[in-house]
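Some notes on the structure that comes next.
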Amino acid sequence: MLKFLVYRVATIVPVLFGVSVVVFLMMKLIPGDPAEAILGPAATTEKIEMVRKSLGLDQPFYVQYVRWLWKVVQGDFGTSIAVNVPVAQLVWPKFWNTVLLTAGSLVICIVIGLGVGIVSGTRQYSWFDRISMSLTLIVANTPAFWLGLILMVVLALYLGWFPATGMYSMRASQKTFGDLIHHMVLPAITTASVSAAIIARLVRSSFLDVIRKHYITALRAKGLSERDIILRHGMKNALPPIINIVGLQVGYLMGGALFTEVVFSWPGIGLQIYSSIVARDLPVVQAAVLVTTFVFVLVNLGTDVVVAALDPRIRRA
Amino acid sequence: MSVVNLPLKDEPVDGRVLPLDAAEARMFRRPSEWRIFWEAFSRDHLAVGAAALIGLVCLISALAPALSPYDPTVGDNALRLAPVGTPGHLLGLDGQGRDILSRLIWGGQVSIIIALLPVTVASLISVLLGLVAGFFGGKVDMVIMRTLDVFFAFPAVLLAVAIAGVLGPGMLNVMLSLTIVLIPYISRVAYMATVTVKSELFVDQARVSGARPSQILFHHILPNTLSPVIVYGSTLVGILIVLGAGLSFLGLGITPPRPDWGIMCSDGRNFLSVAPHVSAVPGIMLILVAMSFNIVGDGLRDALDPKLRR
Chain A
503 MLKFLVYRVA
513 TIVPVLFGVS
523 VVVFLMMKLI
533 PGDPAEAILG
543 PAATTEKIEM
553 VRKSLGLDQP
563 FYVQYVRWLW
573 KVVQGDFGTS
583 IAVNVPVAQL
593 VWPKFWNTVL
603 LTAGSLVICI
613 VIGLGVGIVS
623 GTRQYSWFDR
633 ISMSLTLIVA
643 NTPAFWLGLI
653 LMVVLALYLG
663 WFPATGMYSM
673 RASQKTFGDL
683 IHHMVLPAIT
693 TASVSAAIIA
703 RLVRSSFLDV
713 IRKHYITALR
723 AKGLSERDII
733 LRHGMKNALP
743 PIINIVGLQV
753 GYLMGGALFT
763 EVVFSWPGIG
773 LQIYSSIVAR
783 DLPVVQAAVL
793 VTTFVFVLVN
803 LGTDVVVAAL
813 DPRIRRA
Chain B
-4 MSVVNLPLKD
6 EPVDGRVLPL
16 DAAEARMFRR
26 PSEWRIFWEA
36 FSRDHLAVGA
46 AALIGLVCLI
56 SALAPALSPY
66 DPTVGDNALR
76 LAPVGTPGHL
86 LGLDGQGRDI
96 LSRLIWGGQV
106 SIIIALLPVT
116 VASLISVLLG
126 LVAGFFGGKV
136 DMVIMRTLDV
146 FFAFPAVLLA
156 VAIAGVLGPG
166 MLNVMLSLTI
176 VLIPYISRVA
186 YMATVTVKSE
196 LFVDQARVSG
206 ARPSQILFHH
216 ILPNTLSPVI
226 VYGSTLVGIL
236 IVLGAGLSFL
246 GLGITPPRPD
256 WGIMCSDGRN
266 FLSVAPHVSA
276 VPGIMLILVA
286 MSFNIVGDGL
296 RDALDPKLRR
C-alpha cells in the first residue's frame, strides 16, 4: 500500500508542473501586449518599454515562467488589473464559497445517487426502477444553467420558498448558518443534478453486476436476510467503482459550479472567473484556474488512494 | 430473418423457396459489416427513434432559410413576450418581439455544429495520437500520453470556459476550445483500444505472416479502435451541445443577434417571472437533442460490440 501511495503521489508532480506551464502559456498566447493594455493607446514607445521592463516582459519566456512560478509557490499571484488588489486576496474567499457549494452538492449527489441507485439496482425492472432511470436519463442531459433558471422561477419567484440569489440575506444583521443553507438549497440542487443522475445510473449497474455473482447466491442459500446481503456484502464489492465515479464527479461539480454561480450570483470562484473574463482581468483568471485545477488533482489522488485501500487488486496492478 | 441465423438450404424465405445455388451462395457469403450493424441497431427501437429525431432536427435546421416562418433577428415590438400558442407564433415571442420558433430553427444550426464539428475534429486527432502512442509504445507513448495527462488534470468545464474566455467570443473560438478540451478524453479511449487490440492473437498472426507495420496499424488495429471512439464520440456530442450552449449562455460563444439555443436561454433571464417560456423552450430543445445523442450512443455501443449483441 505504501509503495502505491508513494508511486501515485510521485505521478502528480509532473502533472502539476505541466498544468502550471499550460496556465502560464495560456495567458501569454493572448494577442496584444499587456504593457500597452495597461497604459492605453496614448502611451509613448519609451514608456511602454519601461513598463515592459518593470513587468519582466523583456526577459525570455522561461525566465518569466520561473519567476512567475516562484511567486505562485509562495502564494503571490500578482495584482488584479480590474480592481488593483492582490489576486490572492480576491480569490481565496471566493474559493471557500465554492468549496461550500461543492460540499453541499456532493452531499445531495451521494444521498440521491446512492439511494436511487441501490433501490433501482436491487429491484430491476420494478416501476421505481423504470421511472427513476427515465428521470435520470433526462436529468443527466439537462443543462445546469437551464435547470437553475427553472428552479428559480418555480421555487423562488412563484412559490417564494427559497431566495433567488446570493449567499446571505442582504437585510440580515449577521451571517447565520441557517440562512446560508437556505440560500444554498437551489444552487446545490442545480450543481448536483447531472452528477447525481450519473452516479445513480452507475450505482445501479454496479449493483446489478455484483448481485449476479455466485457468492451472493451462496449467501442467499445460507439464509442471510436480503438487507444484510446488500448492505454488508454487496456494498463491499460494488463500492470501488462507485467511489471512483464520485471522485470524478467532485471535479465536475467544481467546474460545473461555474454555471450555477453565474445563475444564482453565488460569490464563488466560478462567478469570479466569469466576471474576470468579462473584464479581461487575466491574472485573476490564471490564479483561479490554477487553484481549482490543483484541488481537482488532489481530489483525484485522494480518490485513487481510497479505492486502492478498498480494493487490493488495484494496488498490485 | 436474422443474418446471424442464416437459413438452411431448403427453408422458405419470404414465403418462397430459393433456388438451390442462390441459397448456397447466401449461406457462404458473409453478411456485410453494415448489415450486421443495422440488424443489431434497428432492434433498439428507442435508439432508432432518437436517431430519427436527430436527423429531423438537423434537416429542419439545415433548411432554416426555407422553413423559418419569420426573420430570427427582427422583432415585432407590439407582441413582445407573447406566450406559447399565440396565433401565428406557435412558440411565442421573446423579449425583443422575435419569433421563438424561427430562432429555434436557426439556432439549431449553430448549436449542433458547435458540438458536432469539435467532436469530429478532436476524434480524428485523438485516433491518430492514441494509435501512434499505443502502437509504438516506449518514448513516443510517454511523450504523447503524459502531455495529454496534463490537459486531463483540468476540470473540463473550467478549461473550456478559460480557453474560450482568453480567445474571446466567436463561434470559431468556442469550437477551438471545445476541441482542445476533448482531445485528452478521446485519445485515452483510442489509446486503450489500441493497446488491447495490439496484444490480440490476430495481430501476432498478421505480423508472423509478414505484414508491414503500416499494414498492421491501418488494416488490423485501426478498424478495431474506431468503434469505441465512435460510440464515445456520439455520447460526447450530447454533452457538448449542452456545454457549447453553456458557453453561449455565458456570452463566450457566438455573438448576437445570431441565435443559438444557449443564447436564447440567456435572453429570457430578464423576463423569468413574466415570461418563463422564453428561456424554457430552448432548454427543452437542448435536453431533447442531447438526450437523443446519448441514447444513440448507447444503441451504437450495443450494436457495435459483438459481445453485447442480443
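From first to last, the protein sequence lines stand for chains A and B.
Residues in the first sequence are numbered from 503 upward in steps of one, following the working numbering.
Residues in the second sequence are numbered from -4 upward in steps of one, following the working numbering.
Idealized CB from N, CA, C, for every residue including glycine.
What is the rounded straight-line gap between the Cα of residue i and the Cα of residue j?
i: B:I234; j: B:A285; result: 7 Å
i: B:V122; j: B:Y186; result: 8 Å
i: A:M833; j: A:T805; result: Given that chain A is displayed from residue 503 to residue 819, the structure contains no residue 833 of chain A and the question cannot be resolved.
i: A:S778; j: A:I583; result: 9 Å
i: B:G257; j: B:A57; result: 18 Å
i: A:L602; j: A:G520; result: 28 Å
i: A:V801; j: B:P179; result: 19 Å
i: A:H735; j: B:V105; result: 50 Å
i: A:R632; j: A:T693; result: 24 Å
i: B:T250; j: A:T762; result: 22 Å
i: B:D39; j: B:L124; result: 33 Å
i: A:K677; j: B:V156; result: 32 Å
i: B:P2; j: A:S636; result: Model confidence at B:P2 stands at a pLDDT of 48, short of 50, so the residue's coordinates are unreliable and nothing is read from them.
i: A:Y670; j: A:V656; result: 20 Å
i: A:R706; j: A:S622; result: 6 Å
i: A:G650; j: B:L283; result: 17 Å
i: A:A699; j: A:I691; result: 11 Å
i: A:P543; j: A:V515; result: 42 Å
i: B:R30; j: B:R296; result: 16 Å
Helix or strand or just coil, what does DSSP make of residue i?
i: B:P150; result: coil
i: A:D711; result: helix
i: A:D578; result: coil
i: B:T81; result: strand
i: B:D293; result: helix
i: A:L637; result: helix
i: A:L661; result: coil
i: A:L773; result: helix
i: B:D199; result: helix
i: B:P208; result: helix
i: A:P562; result: coil
i: A:A588; result: Per the sequence shown, the amino acid found at residue 588 of chain A is Pro instead of Ala. A:P588: strand per DSSP, three-state reduction.
i: B:D300; result: coil
For residue i and chain B, any beta-carbon pair shorter than 8 Å?
i: A:T667; result: no
i: A:W570; result: no
i: A:V791; result: yes
i: A:N643; result: yes
i: A:F761; result: yes
i: A:Y776; result: yes
i: A:P516; result: yes
i: A:F597; result: no
i: A:L659; result: yes
i: A:W648; result: yes
i: A:V524; result: yes
Smallest Cα separation from residue i: which of the options?
i: B:K193; options: B:S204, B:L162 and B:I216; result: B:I216
i: B:L153; options: A:A790, A:V523 and A:I731; result: A:A790
i: B:F266; options: B:L51, B:L76 and B:H40; result: B:L76
i: B:G83; options: B:G90, B:G205 and B:I95; result: B:I95
i: B:G102; options: B:A240, B:A128, B:M170 and B:F131; result: B:A240
i: A:P595; options: A:I771, A:V801, A:V809 and A:F796; result: A:I771
i: A:Q774; options: A:K555, A:V618, A:T600 and A:G542; result: A:T600
i: B:G294; options: B:A45, B:S204 and B:P26; result: B:A45
i: B:L231; options: B:P252, B:V291, B:F244 and B:L74; result: B:V291
i: A:V609; options: A:V809, A:F766, A:V752 and A:V511; result: A:V752
i: B:M137; options: A:T513, A:P543 and A:F506; result: A:T513
i: A:L760; options: B:P254, B:F244 and B:R30; result: B:F244
i: B:D144; options: A:P814, A:D813, A:V799 and A:V807; result: A:V799
Quick one: which chain E residues come within Cβ less than 7 Å of residue i?
i: A:M756; result: Of the chains in the structure shown, none is chain E; the protein chains are A and B.
Can you confirm whether residue i, when its beta carbon is compared against all beta carbons of chain A, has any partner nearer than 8 Å?
i: B:F266; result: no
i: B:G241; result: yes
i: B:N289; result: yes
i: B:R75; result: no
i: B:I49; result: no
i: B:R141; result: yes
i: B:R305; result: Any reading at B:R305 needs caution, since the residue's pLDDT is 46, under 50, leaving its predicted position unreliable; the model's value is listed next. So, not an interface residue.
i: B:I175; result: no
i: B:I282; result: yes
i: B:V105; result: no
Task: Chain-ordered residues of the segment 252 to 276 of chain B with a beta carbon less than 7 Å from chain A - done: Those would be C260, R264, L267, S268, P271, S274 and A275, in chain order.
Open item on the list: So if I threshold CB-CB distances at 7 Å, which residues from the segment 779 to 807 of chain A count as touching chain B?
Closed with: Listed by position along the chain: I779, V787, V791, T794, T795, F798 and V799.
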